[in-house]
Structures are given as C-alpha cells and as structure tokens.
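So the sequence shown is numbered by the working numbering: it starts at -2 and just counts up by one.
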Amino acid sequence: MHWSGKYLSQYGANDGVVLVKDAGLPYSTHISGHWNHDNIRLGKNIFPFIDSIVNTHKKINPIKLEQRKQEWILYPLLLHGGQLRGNQETFQFYVPKYEKGIDIQGLSSSAQVEIELVMPNQQKIRMRSEGIQMDDLFDGAYLYQFSLSNPKSGAYQIHIKGNRREAFFIMVSLDSFQHEAIHIRQENLCDSVSTLQIQFQPPDYWQKDSLMIHINGGQNQLTPRINHSMINAEWRLPNVKSIANLRVHLSMKTKYGEKIERDYVKSFVHSKYKL
C-alpha cells in the first residue's frame, strides 16, 4: 500500500487493512485486487484470487526469530494534513544539504483545491490535480504530485488554498545521499504495560545533542539518550485503546545550523489485547 496506512482508524473505513511491508511472511505471495472493508469479507470476491494459493502443497518453513525483527526504516517523510481552517494554509519544511531529491504528493477532497510550492529562491510551482482521482485506498480523493531533483537547501513552503473545511493531506518524501535510519519497535513488559523503543542513527554531520522527539503532534516529548553514533528513546504506550496509531516526529540541527525534521508513523496493538 503506497500510502502506508497513514489514516488507519479502528472501526473506520480502513480498519483491518494489512500493509504490504508488515505482511512479511517468507513464503507469502503478493496478489492485487480492488477491495474495501466490506466486500473483502465476501467469498465470491476473494476465492477466485486465493483458491490456487491455499490449495498448494508447497512446504511452509517455520519463521526464524531474526525474520520477525522489525526492519530499519530508511526513507523519512514529512506529513501535514487536516481541514482548511480558512481559505489558505501554509506548511513549511526544511531541506538540508546532501538531499538527492524530494517527492511531494497531496490529496484533497476537491479538485478546486490549489497546492503551490514556494522554493528558497521564492520560485513558485503550482501543483495541479489534473483531474486524477483516486479509486482505491482513498476513494474519491484528488491526487497531486511533484518531484524535484537536487533540491537547493533551505526553507520550502507549501500553500494549500481552497474553501473552508476542505480536507487535504501532504506527504513529502526525502531521498538523501547520507545514511540515516530509525528502528521503532514495541516491547511488551507485562499484560498491561507496553513501551515504544526508538533507535535512531543520524548522519555524522547532524548535531545529536539538538535532537527533539515528539509523539502524536507534540503531545508528548521524549528525552533521548546518546550512545556514540546511536540515539535511543523510550515511551510508554497508552493502554486506553487496543490499536495505537503513532506519529513520531524528530527535529534537530546540522553542524551548519540547518533545521531537519522527520516523521514516522507506526501502528501497534497493545499487549493486553489479543487480536
């Protein structure tokens, strides 16, 4: 799933969706179809796709422990969305040195929404939906896309213009020459307590002591621990819901004084719930 389940909501339209990256069985077979939460339960819509697979005599090998470990996330994102509070909203992000490219994708509830990118040199690029309408995961939403190779470092702005309360979602993907990686995993301490373990490995030219980590839009700030080239942090997962959809936001500075921001979204099942 290209959009990685950013808006997965318990009991919502996408409840029960399994991301491709999380369905990592070593013997799995990838199939594609046009299903939603309702029609996927009907056998007539499913069995034509899976009948030949479930009747196979292929040997299934047990999953090794190392295969169950969550992989390092290598591709950072920047996320912004919601409903327009007026006729225009501005989203600002920073591109540091050593970025190979940026990809900007947007969704809106109306083709009348205008999305404009303002570059550090004040050059303006208008992103249009061109009538492209999503027909699968975000049925009815309008798609905007733009790519930029070898972007100049500095502050970028995205202006979203439309009617009040129209919905939008912006995702900026960053492709860097420098290696950075983050590992986010859940650790169940007992039936009622789970923690979120975060390990982050930044490039050498980032100032590790400037790192700030926020969970879910700044509601919770974590205190990172620096250990040589690795940064560690821990957060206790709330136990009020069986499924926790978390946005981990990182911000720090480079040795050149440039601001860096990163977003990562993960979904977890609390330890006391057996789904």
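By construction, the Cβ of each residue, glycine as well, lies at the ideal position given by its N, Cα and C atoms. Predicted, not measured: the structure shown is a model, and the values here were computed from it.
Spatially closest choice to residue i from the options, by CA coordinates
| i | options | result |
| --- | --- | --- |
| K252 | S207, E258, A230 and L234 | S207 |
| S191 | Q204, A178 and R182 | R182 |
| S126 | Y153, I167 and R161 | I167 |
| Q104 | Q198, H211 and G79 | Checking the sequence, you will find Leu at residue 104 rather than Gln. Of Q198, H211 and G79, the residue nearest in Cα terms is G79. |
| P117 | Q198, L81, G151 and G137 | G151 |
| N160 | E111, S173, D201 and Q119 | E111 |
Helix, strand or coil at residue i [DSSP, three-state]
| i | result |
| --- | --- |
| D206 | strand |
| D201 | coil |
| K158 | strand |
| R222 | strand |
| L243 | strand |
| N84 | coil |
| M249 | strand |
| F174 | coil |
| R233 | strand |
| S150 | coil |
| N213 | coil |
| V115 | strand |
Same chain only: Cβ atoms within 7 Å of residue i, ignoring 5 sequence neighbours per side
| i | result |
| --- | --- |
| F143 | I101, L114, I122 and M124 |
| P148 | V92, E96, G98 and I99 |
| G90 | Strictly speaking, residue 90 in this sequence is Phe, with Gly absent from that position. For F90, where only same-chain residues beyond five positions count, the Cβ hits under 7 Å are L75, Y153, V169 and E258. |
| Q198 | E177, A178, S226 and M227 |
| R162 | Q80 and L81 |
Cβ neighbours of residue i in the same chain (closer than 6 Å, five flanking residues each side left out)
| i | result |
| --- | --- |
| E184 | T192 and Q194 |
| R233 | T192 |
| T87 | Q154 and H156 |
| N229 | Q196 and R222 |
| Y139 | S105, A108, S126 and Q130 |
Residue i classed as buried or exposed, judged by whether at least 16 other C-beta atoms fall within 10 angstroms
| i | result |
| --- | --- |
| I157 | buried |
| G254 | exposed |
| F165 | buried |
| G83 | exposed |
| L137 | Note on residue identity: the sequence assigns Gly, not Leu, to residue 137. Result: exposed. |
Cβ neighbours of residue i in the same chain (closer than 8 Å, five flanking residues each side left out)
| i | result |
| --- | --- |
| R244 | L76, I212, N213, G214, D260, Y261 and V262 |
| K250 | W203, Q204, S207, K256 and I257 |
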